[in-house]
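Okay, so here's the structure we're looking at.
Number of protein chains: 2
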Amino acid sequence: MDSNPTTKTRVLDAALLSFGTRGVDAISLDALAADVGIAKQTILYYFASKDGLVRAVVLDAACTVRSHLEAALETAPEGWGRVEALVHAVFRLTLRQPELMGLVRELSRPGSMLATTFVEQFDPLVERARTFLEAEMLEGRLLPCDPNLLLLSAYSTVIGVATEVEVLRALGIEPTMRSLVLRRRELLRFLHLALVGSELDRRSVR
Amino acid sequence: MDSNPTTKTRVLDAALLSFGTRGVDAISLDALAADVGIAKQTILYYFASKDGLVRAVVLDAACTVRSHLEAALETAPEGWGRVEALVHAVFRLTLRQPELMGLVRELSRPGSMLATTFVEQFDPLVERARTFLEAEMLEGRLLPCDPNLLLLSAYSTVIGVATEVEVLRALGIEPTMRSLVLRRRELLRFLHLALVGSELDRRSVR
DNA sequence: TCACCTGTCTACCAAATGGTAGAGAGAAGG
DNA sequence: CCTTCTCTCTACCATTTGGTAGACAGGTGA
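This is the structure:
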């Protein structure tokens, strides 16, 4: 770790945190500058405009998420284990940097220009996932279905379970570390049933 | 239908549309007034402040969603049919008023004050769903699990599949009516597997 | 007729916002 | 020592934003 981060990265980090938790529109450059402890103009020195800053933040976030997912796939076993590894990676990331997932949700608003920017970073990963699913279905280890729609269902479920804190509150579950682990386990069971079609042995859930 | 809606309801409707599709922060009172074709002050005559307007819109939206869900439950059969009926209701609503679901997503941002306001409207429905799930599990028609977490998974999946238009685009699926129907069918299969534990007969999917 | 209430408008305002201009400090290099 | 380049700052500015004050028109009841 660099103990003396550059001003630019400090701005990027603070922006990611603020944008991801409170939304891009809710954060002014003045507020962000005050947060970092610099003058607004210093931000505009590194990023031509607020739009430029937002784009940089989004690219940065996409890069972070992608590298974590790829790292998780590196060491993942075959078959169902890969799904498990990805879910674990998402939850780990959500725990450490909730703002990342917040930004993902922010971006997926219909019509958002940035969604494309963000999502393009994942094209290779999506392609890998698709071919993986097709292969598994062919070999009978996964129930056959449309891989695209399956990916969507799985994505929605994982992101939702990882980030829907307010809905959880409404259900009477306070979002603690413990409840996060429970949610992950329940989610894996849910996914396993939908994908593999049989009950997951609870003891085998990492 | 009232062919001559009051100014107040015209403001509410326009606000729901704008807030739901582009976000609350992105819409100024001036823009909204211009959209409705009135002066800004007229909005502030009916709603004490922008915050007041937003709250009214949220309550209105919650009421709409709730009444649709309740209506769907009225005529729904027992067991799995109830789940199906709810999913159909959500998709129907998403098709007719996408901005409603957009607002729901907007609200579920962590820390949003309005989330509570919105979600309180659904307490009775949630309670009903919970007891329903517990009863079904007891009688062996649903696989046993934590009803709260199951509700969360199901909610996330349904809302996600219904609203993640940008993610769909990234997967190469243009959001047409046809693809919406396909998504719904695939989602029901997904849910049926996870809840009931066996393959859903495709011909029986309404 | 007069007072009053409702609904809509024009005119205005203070604060905040994204952005520009340009000065100053300090290091680097000739 | 002087120039140049990098980085940060203060001082502004035009526009937008949520919100206030108050005028005006039309209807209603005493």
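Chains A and B supply the protein sequences, listed in that same order. Quick note: the first sequence uses the working numbering, first residue 20, plus one each step. Quick note: the second sequence uses the working numbering, first residue 20, plus one each step. Using N, Cα and C, we set each Cβ at its ideal position, and we do this for glycine too.
Since A/S175 is in the alpha helix (DSSP H), which residue starts that stretch and which ends it?
For the purposes of this step, residue 175 of chain A is taken as the residue at position 156 of the first sequence. 166-182 is the extent of the alpha helix (DSSP H) around A/S175.
In chain A, which residues lie with their C-beta within 7 Å of the C-beta of B/F209?
Stepping through the second sequence from its first residue, residue 209 of chain B is reached at position 190. Result: S172, A213.
Strictly below 7 Å CB to CB, what residues from chain A border B/A58?
Within the second sequence, the letter at position 39 stands for residue 58 of chain B. Near B/A58 there are no residues of chain A at all, since even the closest Cβ is about 24 Å away, more than 7 Å.
Cut-off 8 Å between Cβ atoms - residues of its own chain near A/F66, not counting five sequence neighbours on either side
For the purposes of this step, residue 66 of chain A is taken as the residue at position 47 of the first sequence. V30, L72, A75, listed in sequence order.
Extract the residue ranges of the alpha helix (DSSP H) inside the stretch 67-103 of chain B, only unbroken runs of 4 or more that lie entirely within it.
69-93
CA-to-CA distance, A/A213 to B/H211, given in whole angstroms
Reading the second sequence from its first residue, position 192 is the one you call residue 211 of chain B. Reading the first sequence from its first residue, position 194 is the one you call residue 213 of chain A. Using only the alpha carbons, I get a separation of about 8 Å.
Is A/L126 closer than 7 Å to A/L133 when the C-beta atoms are compared?
As a first step, residue 133 of chain A must be located in the first sequence, where it is residue number 114. As a first step, residue 126 of chain A must be located in the first sequence, where it is residue number 107. Going by C-beta atoms, A/L133 is nearer than 7 Å to A/L126.
Cutoff 7 Å: A/T176 Cβ touching any chain B Cβ
The residue given as residue 176 of chain A occupies position 157 in the first sequence. Yes, because at least one Cβ of chain B sits closer than 7 Å to the Cβ of A/T176.
What residues of chain B sit near A/L168, judged by a beta carbon separation below 7 Å?
By 1-based counting over the first sequence, the position of residue 168 of chain A is 149. Per Cβ cutoff of 7 Å: L201, R202, E205.
Whole angstroms are fine: how far does the CA of B/H107 sit from the CA of B/F151?
Taking the first residue of the second sequence as 1, we reach residue 151 of chain B at position 132. Taking the first residue of the second sequence as 1, we reach residue 107 of chain B at position 88. Taking the straight line joining both Cα atoms gives about 18 Å.
Best match in A/S172, A/E89, A/P117 for proximity to A/P143 [C-alpha to C-alpha]:
Taking the first residue of the first sequence as 1, we reach residue 143 of chain A at position 124. Looking at the Cα atoms, A/E89 is the closest of the given residues.
Among the candidates B/A95, B/A80, B/L105, whose CA atom is the shortest distance from the CA of B/L36?
For the purposes of this step, residue 36 of chain B is taken as the residue at position 17 of the second sequence. Per the Cα distances, B/A80.
What number of angstroms, rounded off, separates the C-alpha of B/D165 from the C-alpha of A/V43?
Counted from its first residue, the second sequence places residue 165 of chain B at position 146. Counted from its first residue, the first sequence places residue 43 of chain A at position 24. Computed Cα separation, rounded: 36 Å.
Can you give me the C-alpha to C-alpha distance between A/L168 and B/V77, rounded to a whole angstrom?
Here residue 168 of chain A refers to the residue found at position 149 of the first sequence. Here residue 77 of chain B refers to the residue found at position 58 of the second sequence. When rounded, the distance between both Cα atoms is 31 Å.
Please determine, among B/V145, B/L112, B/L92, B/K27, the residue with the shortest C-alpha to C-alpha distance to B/A104.
On the second sequence, position 85 is the one that residue 104 of chain B refers to. Among B/V145, B/L112, B/L92, B/K27, the Cα nearest to that of B/A104 is on B/L92.
Anything in the stretch 151-168 of chain A with a Cβ closer than 8 Å to a Cβ of chain B? List those residues in chain order, please.
L162, C164, D165, N167, L168
With a Cβ-Cβ cutoff of 7 Å, do A/K69 and A/L48 count as a contact?
The count along the first sequence starts at 1 and reaches residue 69 of chain A at position 50. The count along the first sequence starts at 1 and reaches residue 48 of chain A at position 29. Cβ atoms of A/K69 and A/L48: closer than 7 Å.
What residues in the stretch 44-70 of chain A have a beta carbon less than 8 Å from any beta carbon of chain B?
D44, A45
Does any residue of chain A bring its CB to less than 7 Å from the CB of B/E183?
Taking the second sequence and counting its residues from 1, one reaches residue 183 of chain B at position 164. It does; some Cβ of chain A falls within 7 Å.
In this structure, does DSSP put B/R239 in helix, strand or coil?
Past the boundaries of the shown model lies residue 239 of chain B; chain B is included only from 20 to 225, so the question cannot be answered.
Quick one, which residues of the stretch 129-149 of chain A are near chain B if we go by CB-CB under 8 Å, in chain order?
P129, G130, S131, A134, T135, V138, E139, F141, D142, V145
So, at 7 Å on beta carbons, what are the nonlocal neighbours of B/I46 in its own chain, with the 5 sequence-adjacent residues on each side left out?
Position 27 of the second sequence holds residue 46 of chain B. Taken in chain order, the residues that qualify are S37, F38.
Under 7 Å Cβ to Cβ from A/A148, same chain only, skipping five residues before and after it: list those, please.
Position 129 of the first sequence holds residue 148 of chain A. Same-chain partners within the cutoff: L170.
Counting only beta-carbon separations shorter than 7 Å, does B/S127 have a partner in chain A?
On the second sequence, position 108 is the one that residue 127 of chain B refers to. Chain A, which has a Cβ nearer than 7 Å to the Cβ of B/S127, makes this yes.
Return the Cβ separation of A/A52 and A/T61 in integer angstroms, given the expectation that the two are a contact with Cβ distance under 8 Å.
Numbered from 1 along the first sequence, position 33 holds the residue referred to as residue 52 of chain A. Numbered from 1 along the first sequence, position 42 holds the residue referred to as residue 61 of chain A. Right, their Cβ atoms sit about 7 Å apart.
Under 8 Å, CB to CB, which of the residues in the stretch 187-198 of chain A have a partner in chain B?
L187, R188, A189, L190, G191, I192
Compare the beta carbon distance of B/A181 and B/T113 with 7 Å and say whether it is the shorter of the two.
Walking along the second sequence from the start, residue 181 of chain B turns up at place 162. Walking along the second sequence from the start, residue 113 of chain B turns up at place 94. It is a contact, given that the beta carbons lie within the stated cut-off.
So the candidates are A/A34, A/A173, A/T25, A/R41; which of them puts its Cα closest to the Cα of B/Q129?
Position 110 of the second sequence, counted from the first residue, corresponds to residue 129 of chain B. According to the sequence shown, residue 129 of chain B is Pro rather than Gln. Nearest of A/A34, A/A173, A/T25, A/R41 to B/P129, Cα basis: A/R41.
Please check if any C-beta of chain A sits within less than 7 Å of the C-beta of B/V106.
The residue given as residue 106 of chain B occupies position 87 in the second sequence. Judged by the 7 Å Cβ criterion, B/V106 is not in contact with chain A.
With 16 other CB atoms within 10 Å as the buried threshold, where does B/T135 fall?
The residue you call residue 135 of chain B lines up with position 116 of the second sequence. Label assigned to B/T135: exposed.
For B/V177 and B/R203, the rounded distance between their alpha carbons:
Numbered from 1 along the second sequence, position 184 holds the residue referred to as residue 203 of chain B. Numbered from 1 along the second sequence, position 158 holds the residue referred to as residue 177 of chain B. Each residue's alpha carbon lies about 9 Å from the other.
Residues within the stretch 70-103 of chain A neighbouring chain B, beta-carbon criterion of under 7 Å:
none
Would a check of beta-carbon distances place A/V180 closer than 7 Å to chain B?
Within the first sequence, residue 180 of chain A is the residue found at index 161, counting from 1. It does; some Cβ of chain B falls within 7 Å.
Check the C-beta distance from A/V138 over to B/V186 and give it rounded, since I have them as a contact under 8 Å.
Here residue 138 of chain A is taken as the residue at index 119 of the first sequence, counted from 1. Here residue 186 of chain B is taken as the residue at index 167 of the second sequence, counted from 1. Right, the Cβ-Cβ distance comes to about 7 Å (below 8 Å), so this counts as a contact.
C-beta atoms of B/S175 and A/G179 nearer than 7 Å:
As a working mapping, residue 175 of chain B is identified with position 156 in the second sequence. As a working mapping, residue 179 of chain A is identified with position 160 in the first sequence. A contact, by the Cβ cut-off of 7 Å.
Just the Cα atoms here: how many angstroms apart are B/V200 and B/Q116?
On the second sequence, position 181 is the one that residue 200 of chain B refers to. On the second sequence, position 97 is the one that residue 116 of chain B refers to. Cα to Cα, B/V200 sits roughly 16 Å from B/Q116.
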